[in-house]
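Sequence order for the protein chains is A and B. Reminder that position 119 of the first sequence reads as 1451 in our numbering, one-by-one numbering, no gaps. Reminder that position 417 of the second sequence reads as 1749 in our numbering, one-by-one numbering, no gaps.
Protein chains: 2
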Amino acid sequence: MNAPDKFTSLLSLTREPFPASHKCLIPGSRPDLNVPVRDVLLTNGETVSLYDTSGPYTDAKVEIDVRRGLPGVRGAWITERNDTESYEGRSHQALDEGLKHAHDHDAQRLAELRAGASALQRTPRRAKAGANVTQMHYARRGIVTPEMEYVALRENGKREWMAEYLANEERAKRVAGNPMGASIPRIITPEFVRDEVARGRAIIPANINHPEVEPMAIGRNFKVKINANIGNSAVTSSIEEEVEKLVWAIRWGADNVMDLSTGKNIHTTRDWIVRNSPVPIGTVPIYQALEKVGGVAEDLTWEIFRDTLIEQAEQGIDYFTIHAGVRLPFIHLTADRMTGIVSRGGSIMAKWCIAHHKESFLYERFEDICDIMKAYDVSFSLGDGLRPGSGADANDEAQFAELRTLGELTQIAWKHDVQTMIEGPGHVPMHMIQANMDEQLKHCHEAPFYTLGPLTIDIAPGYDHISSAIGAAMIGWAGTAMLCYVTPKEHLGLPDRDDVKQGIIAYKIAAHAADVAKGHPGARSRDDALSKARFEFRWQDQFNLGLDPDTAREFHDETLPKDSSKVAHFCSMCGPKFCSMKITQEVREYAAKKGVAEAEAMAEGMAQKSREFMAGGGEIYIPIQPAS
Amino acid sequence: MNAPDKFTSLLSLTREPFPASHKCLIPGSRPDLNVPVRDVLLTNGETVSLYDTSGPYTDAKVEIDVRRGLPGVRGAWITERNDTESYEGRSHQALDEGLKHAHDHDAQRLAELRAGASALQRTPRRAKAGANVTQMHYARRGIVTPEMEYVALRENGKREWMAEYLANEERAKRVAGNPMGASIPRIITPEFVRDEVARGRAIIPANINHPEVEPMAIGRNFKVKINANIGNSAVTSSIEEEVEKLVWAIRWGADNVMDLSTGKNIHTTRDWIVRNSPVPIGTVPIYQALEKVGGVAEDLTWEIFRDTLIEQAEQGIDYFTIHAGVRLPFIHLTADRMTGIVSRGGSIMAKWCIAHHKESFLYERFEDICDIMKAYDVSFSLGDGLRPGSGADANDEAQFAELRTLGELTQIAWKHDVQTMIEGPGHVPMHMIQANMDEQLKHCHEAPFYTLGPLTIDIAPGYDHISSAIGAAMIGWAGTAMLCYVTPKEHLGLPDRDDVKQGIIAYKIAAHAADVAKGHPGARSRDDALSKARFEFRWQDQFNLGLDPDTAREFHDETLPKDSSKVAHFCSMCGPKFCSMKITQEVREYAAKKGVAEAEAMAEGMAQKSREFMAGGGEIYIPIQPAS
């Protein structure tokens, strides 16, 4: 049992609370409803309270045993609704682990892993016959679920500490966001959450078999969320690494994680991930289905796919990417593209359609899929299998034909009260981004948009977290509800631990930039708290309020390693003899001393002087045409 | 003489040509006018030709001796104009080296450095009595200078190779940029350059004492340029490091470099930098003037400042940041800011104005400054000393009052035919960026805008190259002509070699994203060439066409280190058994085989089927109001 030990020691690194931070719980209307926030204690005695995705891992008081999984936050809420039942579930099959990769598979090791963590293999629940257990179904019946209340408390956080920053009316008016059509209330109520879910403008991904999830919402009237992808592949990686990547990803702020495993042990990997995840987990079930048919796309069948959906729904996957918009009549539209079909799911389905010369079974069986989704409350993430793989292919007919189809499918899903979001590109130059949002809003009826980037240029391999963070920030501002991260390894290889972090931080920047631009009060206030700390030379507070306190501190210490410099009223850019912020403090004292009245009188005098000066020469405008 | 040897070995690292690349010269109308481009030879036999800022350093045929400086590209052009004269110039003074820092100054070492590279100390030129030697002055008289022709050839590059990518009409129309008011011709002529310079919409920073410069233009109708800052400070750094940083910065694509040194040996450092720089060098002369008065802002005088301008103009500095818009009547406007005055130059002048209760001597002596600028063709970079230091302070009255003043000063500068650009912020949330461009265009009459970022959020210390690349890309698209980079160390410490590179790459991404969005044909085509290489699994070409081939190759090799994988038709993301790009190639063959006619007929049949399907349930729209 070496592997779990290695894992536990890796995990201990990610369990450290953030500096000067502790987990705090906002109590809800019932004893088992408590919403976590991260309180950062500043050196001036103030507290700033931040949205916290990291789950119990950063709570020093909680004992974690990854072989048993996390406690089930939602356990009682689900059973109390009395519309679900336990059942034996589908039995575990060798094929579920991707056994077509038999040549590199170690059955002995798999058996050990499963035996060593048998608590992670749970008895599943499903809707009772005829019941629909989706959050949308409850919402449309006017029921405010504990999940909705949880989301409301979480989106608000502790508004008290923001008061100081929101009080300055002149400033608040000047920097007020441009919500670009979003309607973000000052205070999010549980009823508001219910209404957003009911009308399909937000989803709360929360499979009834994932009681460990801390509920969160994806919708344009909430904070912009980010998704991180993890997953082994045929070439590299291991179960332990993937679970640790999950904990690492949520530490840095991933709101959702997609498990894109394609290699061996994928069923057991998924058990480990879901049971240890406080954030919703998404998958692309066609990947596993393909493994079951040995990687031969044309051998896929509806039955194998359906069985895979049930397998994963029973494990607790919160949303499925389903590429049901890749229809046979659209495939030839990609033939003249610069980069064809680049979505893996899209090309699997394209290959299937071509091989059989038939319409996609995902499209034709869409209502059957809805029936499975609503029995577990799995949300749709309608995949954009025909998304552009280069700027040259952006916004073409293949892409938009699929998007319109996703709009049709959204209405079918909503007929079944199945929660739905829509995936978007990909590679889109800046000037073509807004059209993506406009088309999505128009055809998909405000279902949440969930985009990959988009990358704004194609020439930055090794830096596509940056080329895409630009597009992500812009489309987030425009109304996209969740941004799927891109790591520096995009197009080149598999992200390691540091790549995952780099991708997440870039996307936290993009999402926060979007929140600030939209006018989210919590976003603006965190910026202000850090700016104030920066201006007042509270170095520790500046680090601790940042997205990555460790890196900020390390960078600072490279130039000025002495502890004393962290309270000094200067920094390494200007040195001890001169500092612009120090001078500004003198300006402030000057203005206070002189009084604004005098300053304004002086301004008038100077303006007069300026007019004289300009009259003496400044106003003689020389035509700028060349003489000849 | 250990230091120069250390330097030479450092430099050899940055003299390696880029992989598969060689320097190529586009001949102009005279034998001494040859414009460098970097030709990248692809594995399929094609050549892609790129804009090249790296100067002779990446030309294996050129012998470099940093103690003698670069050859003077413009030497004959300047003397042939017969409007300048050599003169003895100002004598070197101990004070020029920042000797007020006497406690940490090593006079012996300085003497050695100067003696070991005495060729770098040149006899200066200036305009003959009554002459005006600015590019703007020539342009307004209808003269197309060699500098203007050089810029035209450089902006075009080799358009031949782009033909393939520009030929696809459907695509060209779909992805055509939105120039946001810019007017970028398909082919840049020397006459177009002249006209842009004449009307002040572009500048060619090219001091007559910097003949080594390879002329380039900054203007919204040319490619978006980037600036990198280097410079020692009172706390760290050395001359050798600064020169090597210059060569390193232009290798990665800096179009301009600002030397912001504030510490010891600043005069000699500047000689080294200018004589070895093929790109324009900018400075903030008030920094050196402050050194001369021992760091006491109130001791600054017009005479000391004027002498510093002449000192630097004689050395060949191409543009001066002058904070002449920081006027006494504006200073109290910053008193209620979250972060006051954060520009170093701005706070120096604010302190001076307060101490003397007098209007800024930079403002009052502005026409005297113009007289100096036009005698050497130093361009103005009118500094934004009151730029916001946080999102909370963005677009406030202090900032815009200064901007309007910079507009007034631009007209005075233009009266003297002095080339002028305008500096801009700083920290601006996304939704407030466009207003900055609008105000600048309105008040500054299309003089080129040169912004620092802007940073879109404040909570990313350690990652502000990313938070600002977002703002830089957006404002570049909106019409900003040059983007001043921000490194990961911003707000935290002094950038080292790797930070400089990270900052530059982030800004090359921003500038290129802006060029693509504006519709620059050269930008779009490079994206397309890389995308095509990516789609065709030409891994080496994908690396070599990227902004940083080394990093792309290294990232790829981490996962698949074998050389064989670089020609393999798969990558590490999907593995050898399945690959979306491989499937796309099958789609393409399928579409070609079936023929588009059949595909379209099939599409119609499918659409009919879809309509039937939808009629059977899809159209029953369930109202989404909750039941209760």
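From the three backbone atoms N, C-alpha and C, an ideal C-beta is built for every residue, glycine too. Owing to the predicted nature of the structure, the values given are computational and were not obtained by experimental measurement.
State yes or no: is the C-beta of residue i within less than 9 Å of the C-beta of residue j?
| i | j | result |
| --- | --- | --- |
| residue 1612 (chain B) | residue 1589 (chain B) | yes |
| residue 1788 (chain B) | residue 1761 (chain B) | yes |
| residue 1671 (chain A) | residue 1714 (chain A) | no |
| residue 2046 (chain A) | residue 1648 (chain B) | The displayed coordinates of chain A run from 1333 to 1960. Any statement about residue 2046 (chain A) would go beyond what the structure contains. |
| residue 1793 (chain B) | residue 1854 (chain A) | no |
| residue 1695 (chain B) | residue 1657 (chain B) | yes |
| residue 1842 (chain B) | residue 1556 (chain B) | yes |
| residue 1511 (chain B) | residue 1406 (chain B) | no |
| residue 1702 (chain B) | residue 1628 (chain B) | no |
| residue 1645 (chain A) | residue 1541 (chain A) | yes |
| residue 1845 (chain A) | residue 1532 (chain A) | no |
| residue 1534 (chain B) | residue 1552 (chain B) | yes |
| residue 1850 (chain B) | residue 1809 (chain B) | yes |
| residue 1838 (chain B) | residue 1666 (chain A) | no |
| residue 1493 (chain A) | residue 1379 (chain A) | yes |
| residue 1817 (chain A) | residue 1586 (chain A) | yes |
Would you give the residue range spanned by the beta strand (DSSP E) that residue i belongs to?
| i | result |
| --- | --- |
| residue 1664 (chain B) | Run containing residue 1664 (chain B): none; DSSP gives neither H nor E here. |
| residue 1994 (chain A) | Since the first residue of chain A shown is 1333 and the last is 1960, residue 1994 (chain A) is not available in this structure. |
| residue 1417 (chain A) | 1416 to 1418 |
| residue 1614 (chain B) | 1613 to 1615 |
| residue 1752 (chain B) | 1752 to 1756 |
| residue 1876 (chain B) | Element bounds for residue 1876 (chain B): not the beta strand (DSSP E) but the alpha helix (DSSP H), 1871 to 1877. |
Which same chain residues, not among the five before or five after residue i, have their C-beta less than 6 Å away from its C-beta?
| i | result |
| --- | --- |
| residue 1631 (chain B) | 1625 |
| residue 1409 (chain B) | 1478 |
| residue 1821 (chain A) | 1827, 1831 |
Give the range of the alpha helix (DSSP H) segment to which residue i is assigned.
| i | result |
| --- | --- |
| residue 1769 (chain B) | 1765 to 1776 |
| residue 1641 (chain A) | 1634 to 1647 |
| residue 1496 (chain B) | 1495 to 1499 |
| residue 1469 (chain A) | 1467 to 1472 |
| residue 1599 (chain A) | 1598 to 1607 |
| residue 1840 (chain A) | 1829 to 1850 |
| residue 1782 (chain B) | Per DSSP, residue 1782 (chain B) belongs to no alpha helix (DSSP H); it is in the beta strand (DSSP E), 1781 to 1784. |
| residue 1483 (chain A) | 1478 to 1488 |
Taking only the alpha-carbon atoms, compute the straight-line gap between residue i and residue j and give it to the nearest angstrom.
| i | j | result |
| --- | --- | --- |
| residue 1847 (chain A) | residue 1873 (chain A) | 22 Å |
| residue 1414 (chain B) | residue 1697 (chain B) | 29 Å |
| residue 1401 (chain B) | residue 1452 (chain B) | 6 Å |
| residue 1687 (chain A) | residue 1426 (chain A) | 28 Å |
| residue 1920 (chain A) | residue 1679 (chain B) | 12 Å |
| residue 1468 (chain B) | residue 1475 (chain B) | 10 Å |
| residue 1918 (chain B) | residue 1349 (chain B) | 38 Å |
| residue 1959 (chain A) | residue 1852 (chain A) | Below a pLDDT of 50, predicted positions are generally treated as unreliable, and residue 1959 (chain A), at 38, falls in that range; the measurement from the model is reported next regardless. Their backbone Cα atoms lie some 54 Å apart in a straight line. |
| residue 1650 (chain A) | residue 1640 (chain A) | 14 Å |
| residue 1768 (chain A) | residue 1742 (chain B) | 40 Å |
| residue 1798 (chain B) | residue 1364 (chain A) | 40 Å |
Can you give me the Cβ contacts of residue i inside the same chain, cut-off strictly under 8 Å, excluding the 5 residues immediately before and after it?
| i | result |
| --- | --- |
| residue 1605 (chain B) | 1562, 1574, 1575, 1578, 1589, 1591, 1613 |
| residue 1685 (chain A) | 1658, 1659, 1660, 1663, 1691, 1692 |
Between which residues of its own chain and residue i is the CB-CB distance below 7 Å, once the five residues before and five after are set aside?
| i | result |
| --- | --- |
| residue 1568 (chain A) | Note that residue 1568 (chain A) scores a pLDDT of 41, beneath 50, so its modelled location is shaky; the value from the coordinates is reported in the next line. Same-chain partners within the cutoff: 1826. |
| residue 1807 (chain B) | 1765, 1768, 1769, 1783, 1786 |
| residue 1732 (chain A) | 1771 |
So residue i packs on residue j, CB below 8 Å; how close in whole Å?
| i | j | result |
| --- | --- | --- |
| residue 1598 (chain B) | residue 1430 (chain B) | 5 Å |
| residue 1746 (chain B) | residue 1737 (chain B) | The Cβ separation is near 15 Å, so there is no contact. |
| residue 1699 (chain A) | residue 1659 (chain A) | In fact, because the Cβ distance is near 16 Å, the residues do not count as touching under 8 Å. |
| residue 1754 (chain A) | residue 1772 (chain A) | 6 Å |
| residue 1876 (chain A) | residue 1372 (chain A) | 5 Å |
| residue 1791 (chain A) | residue 1858 (chain B) | 6 Å |
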